[in-house]
Structures are given as C-alpha cells and as structure tokens.
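Data block below; observations after.
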Amino acid sequence: MSLSIGIHDLSFATAEFVLPHTALAAYNGTEIGKYHVGIGQESMSIPAADEDIVTMGAAAAAPIIARHGSDRIRTVVFATESSIDQAKSAGVYVHSLLQLPSATRVVELKQACYGATAALQFAIGLVQRDPAQQVLVIASDVSKYELDSPGEATQGAAAVAMLVSLDPALVRIEDPSGLFTADVMDFWRPNYRNEALVDGHESINAYLQAVEGTWKDYTEQGGRTLEEFAAFCYHQPFTKMAYKAHRHLLNYCGYDTDKNDIARAIAQTTAYNTVIGNSYTASVYLALAALLDQAGDLTGKSVGMFSYGSGSVAEFFAATVVAGYRAHLRTEHNRETIARRRPVDYTGYRALHERSFPTDGGHHATEAQTTGPFRLAGLSGHKRLYETR
Ligand code: COA
1073 MSLSIGIHDL SFATAEFVLP HTALAAYNGT EIGKYHVGIG QESMSIPAAD
1123 EDIVTMGAAA AAPIIARHGS DRIRTVVFAT ESSIDQAKSA GVYVHSLLQL
1173 PSATRVVELK QACYGATAAL QFAIGLVQRD PAQQVLVIAS DVSKYELDSP
1223 GEATQGAAAV AMLVSLDPAL VRIEDPSGLF TADVMDFWRP NYRNEALVDG
1273 HESINAYLQA VEGTWKDYTE QGGRTLEEFA AFCYHQPFTK MAYKAHRHLL
1323 NYCGYDTDKN DIARAIAQTT AYNTVIGNSY TASVYLALAA LLDQAGDLTG
1373 KSVGMFSYGS GSVAEFFAAT VVAGYRAHLR TEHNRETIAR RRPVDYTGYR
1423 ALHERSFPTD GGHHATEAQT TGPFRLAGLS GHKRLYETR
C-alpha cells in the first residue's frame, strides 16, 4: 500500500507594497476593463528596496517552523526562477535566517514557474525513503517584466512555504502524475538580464498545449476522471489564464464549456493571485491556498493541480483534501498578509522597478523600507547581507 504523503502545512508571504492596476492604467491610458476583466488582475505586489526572494521565502517559512519546529526537517528545497546567485542556493540564506540545524541538505531548483512542483515531488520521494523526515519546500519569486511592455501588468511577488510529510494535515499528493515537456521559447531570462523576455501570446498557446499533453499522459497513467475533481488549481500567470485553461481541457475532453461550470471549478482559486500578481513558482500553490481558505468543506475531495513552467515543463496531479484540514489553515493570517501591504503610487513603483544593485563590490546599504520580519540590509564585497528585524 502506498503511503499517504503530502502538504502538512502551507504558509505564504508577499511583498511590502501594492500597486493597484488603476494606477498603471491611469499612467498608460489602458482601459481598466482590460486589466480587471481581460487578464483578471486587480493589483500587484511590489517588493521594497530591502526585500527579495530570500526575505519573502524566510517570511513564508517562519510560521511553519514556529508551529512544527525543525527537528524533523533534513532537507530544504528552494524553487525559484528569479534567482539571486548563479552558485549559492537562496535556501542557504533562508536556512541561516531561520536558524535551521546544520544537519540539513539545501538546494535550489529551476524550471520557470514549474520548479516548486518538481520540489514537491522530490520531497515526496525523500519522505517515502524515510517517513520520519519532513521536507521544507519554498517557492519564492519576484516577477519582473520591462516597463511599458504587455507583461508589465502581470508582475507580482510572493513566496509559498510547504512542509511535506507523512500523513499530511492538509492534502495528500496522489500518484500518478501527467507529465509534458516541449522545447519552446515562450518565456525566458538570459543570465545577463533582470527582466524576463516573454512572447505572451505564444506562452498562452504553449500553456494550452501543455494542458492537453499532461491530461493525455495523466489519463494513460490511470489517473482520475474529470468528474472526480471538485476544483482545479492552474498556474496563474494572470488569473484569466486559469479560465482559458479549464475551457481548453473541457473542450479537449469533449465536454460543453458552460461559463458557470468553468467558474465553479476556478473562481475560488484566483482570490490571492488576482491581487498579488504572478508569483511564478508560488502561483499554483497560492491558488490552492485560496481554494482551501474560501471553499466549503472539501474533506475527501480531489483537486486537480496543473503546474506549468515556460520553456516548457508541466505536470498534472491530484491533491486530495484530508479530514480535519480546516483546523490547520492559516486563513486569517493569509488575509492579513495581503491586507497589510502599503500602497505605492506609480512614481514610487517605477523608481523601485528601475533600481539595480551596484556591481562595484563596495559597501552599499539598502534603504530601510520593509516592515516584514527579514530584510536585505545591503551588499558588501559582492555579498548579500540579511538581517532579522
Ligand atoms: N475590457 C475587457 N477585456 C478586454 C478589454 C477591455 N476593455 N481590452 C482587452 N480585453 C481583453 C482581450 O480581449 C484579451 O482577452 P482574450 O485573451 O480572452 O481574448 C485580454 O483582454 C488581453 O488582451 P490582449 O490584447 O491579448 O493583451 P496584451 O497583448 O497586452 O497581452 C498578455 C496580454 C497576457 C499576453 C500579456 O500580459 C503577457 O505577455 N503576459 C505575460 C504572460 C506570461 O508571463 N507568460 C509566461 C508564463 S505562463
């Protein structure tokens, strides 16, 4: 009999500031309906000068360590596509900020927005090998596109931390998975660039191909039928994409694409992403958090999870909600995390967007802006200096 392994706890953090799409639309003259309805985005999280994937990742994971301790965690997997170093894992900084035991393995994973799902699957493998152990998975990203480009309105920033263990309190991750890889150039970020390059319309097509590909493989591997799923969490580069994806899947399976049916399957998964923006690796797990926080009792129900990372790799799998999960949710904290962000005006946002770190190796303190628990204090000798507030 296969063991019950999955997500035991899930916590997220986002950035200090928030830019409403009304401010972006007022600046660039876009009809607001395009943002609110056309792509399904209301606002985006904007990191302060002293925030990055490490400070957000540590802020997401700290409540998990506070609740469960770190005695059973022997592995930390940090997934990101907005990496801060070509060699050192961002997870090592988080390990230090959270004072995790030295007897820990820490590694960073990358495959665009898909990385956290690979991390989750690798974590399950490790727990299967030694069920006494837990794995801390952190997905943290700052999504940054060129100013005045079509992608700009889909920016965002957030981190999700998940504790993977035997007999999880939230959801069991089931076998099989449906897998799909295709070599496409829909979104990428060469090492010499701070902002991603994206062919937005190509990325929508590539994503829909991946929905088909993963579902085909999932079915061939003996997965559940469409009717067995209570809801579907799709990766949400912008929340409208989840609706497009689900319509495509229903069509592919020969079903009618009734608007209300699609809304029933998707609507409760978009609440966090619509106000946070794209958080790349964290996005599909923010969709899961939003669903668990908002839906009625999901005990025993299966949720279809679709993870997509441009370039591209995708995976479809079932997460089945376990009895008693509601007692372990962080719903109030999650709402506060979003509500506590401070509005930034367009000029302030643009200044933060245009900032870049000096590359001269000197000592450079960063402006103290964040009110979060961890901050990037500065750079010195090409090293990032973090502190706990
Ligand atoms: N009211 C309501 N809807 C409106 C509107 C209005 N006033 N104006 C436009 N729209 C709709 C369009 O009809 C379109 O909807 P559709 O896709 O259902 O047809 C939608 O808004 C977007 O309009 P579009 O002209 O396609 O916008 P765009 O050329 O600026 O590009 C994206 C949109 C999503 C492609 C672009 O934001 C992007 O590249 N985002 C990044 C995507 C990404 O990161 N992908 C990689 C990871 S998967």
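Residue numbering for the sequence shown follows this note's numbering, beginning at 1073 and increasing consecutively.
Beta carbons are placed, not taken as given, at the ideal position from N, Cα and C, and that holds for glycine.
Report task. With DSSP as the reference, label tyrosine 1324 as helix, strand or coil. Result -> In the three-state reduction of the DSSP assignment, tyrosine 1324 falls in the helix class.
Query raised in the report: What number of angstroms, rounded off, separates the C-alpha of alanine 1479 from the C-alpha of glutamine 1340?
Result: Outside the shown range of the chain (1073 to 1461) lies residue 1479, about which nothing can therefore be said.
Query raised in the report: Does the pairing of the region 1326 to 1345 with the region 1303 to 1315 give three or more beta-carbon distances under 8 Å?
Result: Three or more pairs of CB atoms, one per stretch, sit closer than 8 Å, so the region 1326 to 1345 contacts the region 1303 to 1315.
Query raised in the report: Since proline 1240 contacts isoleucine 1348 with CB under 8 Å, what's their CB separation in whole angstroms?
Result: Between proline 1240 and isoleucine 1348 the beta-carbon gap is near 24 Å, outside 8 Å, which marks them as no contact.
Query - lysine 1316 CB to nearest heavy atom of ligand 1 below 8 Å - result: If you check the C-beta of lysine 1316 against ligand 1, you find a heavy atom less than 8 Å away.
Requested in this report: Closer than 7 Å by C-beta to serine 1379: which residues in its own chain qualify, once you throw out the five before and the five after it? Chain order, please.
Outcome: Close CB contacts of serine 1379 within its chain, under the 7 Å cut and outside five residues either way in sequence, are with Tyr1186, Thr1189, His1307, Val1356, Ala1386, Glu1387 (chain order).
Query raised in the report: Should arginine 1325 go down as buried or exposed, given a rule of 16 or more other Cβ atoms within 10 Å for buried?
Result: For clarity, residue 1325 is cysteine in the given sequence; the question names arginine instead. Exposed.
Query raised in the report: Mind checking whether the beta-carbon of phenylalanine 1259 lies closer than 8 Å to any heavy atom of ligand 1?
Result: It does: the Cβ of phenylalanine 1259 is within 8 Å (strictly closer) of some heavy atom of ligand 1.
Report task. Give, in chain order, every unbroken run of the beta strand (DSSP E) that is at least 3 residues long and sits entirely within the region 1157 to 1221. Result -> With a minimum length of 3 residues, the continuous beta strand (DSSP E) runs that stay inside the region 1157 to 1221 are 1177 to 1181, 1206 to 1215.
Query raised in the report: Just reading off the alpha helix (DSSP H) that glycine 1272 is part of, what are its end residues?
Result: Taken as a continuous stretch (DSSP letters only), the alpha helix (DSSP H) holding glycine 1272 covers 1272 to 1292.
Query raised in the report: Taking the continuous beta strand (DSSP E) assigned at lysine 1455, which residues delimit it?
Result: 1455 to 1460 is the extent of the beta strand (DSSP E) around lysine 1455.
**Report entry** Inter-residue Cα distance where the pair is alanine 1121 and leucine 1457
**Finding:** So the two alpha carbons sit approximately 13 Å from each other.
Query raised in the report: Does ligand 1 have a heavy atom nearer than 8 Å to the CB of asparagine 1100?
Result: Within 8 Å of the C-beta of asparagine 1100 there is not a single heavy atom belonging to ligand 1.
Requested in this report: In the DSSP assignment, find the unbroken alpha helix (DSSP H) run with methionine 1128 in it and report its ends.
Outcome: For methionine 1128, the enclosing alpha helix (DSSP H) has its first and last residue at 1125 to 1140.
Query raised in the report: If you draw a straight line from the C-alpha of leucine 1360 to the C-alpha of valine 1214, how long is it?
Result: The alpha-carbon atoms of leucine 1360 and valine 1214 are separated by roughly 19 Å.
Requested in this report: Can you tell me which of Thr1297, Leu1448, Arg1407, Thr1253 puts its alpha carbon nearest to the alpha carbon of glycine 1381?
Outcome: Nearest neighbour of glycine 1381 by Cα position, chosen from Thr1297, Leu1448, Arg1407, Thr1253, turns out to be Thr1253.
Report task. Return yes when the C-beta of threonine 1226 is under 8 Å from any heavy atom of ligand 1, and no when it is not. Result -> Checking the Cβ of threonine 1226 against ligand 1 gives yes.
Query raised in the report: Exposed or buried, glycine 1223, counting other C-beta atoms within 10 Å across all chains shown (16 or more means buried)?
Result: Within a 10 Å sphere around the beta-carbon of glycine 1223 sit 16 or more other beta-carbons, which makes this residue buried.
Query - Neighbourhood of glutamine 1293 by C-beta distance below 6 Å, restricted to the same chain and skipping five residues each side - result: Cβ neighbours of glutamine 1293 beyond the five flanking positions: Pro1248.
Requested in this report: Check whether the Cβ of alanine 1266 sits closer than 8 Å to any heavy atom of ligand 1, and report yes or no.
Outcome: Note that residue 1266 corresponds to asparagine in the displayed sequence, not to alanine. No.
Query raised in the report: For alanine 1302, which three-state DSSP category applies?
Result: Reduced to three states, the DSSP call for alanine 1302 is strand.
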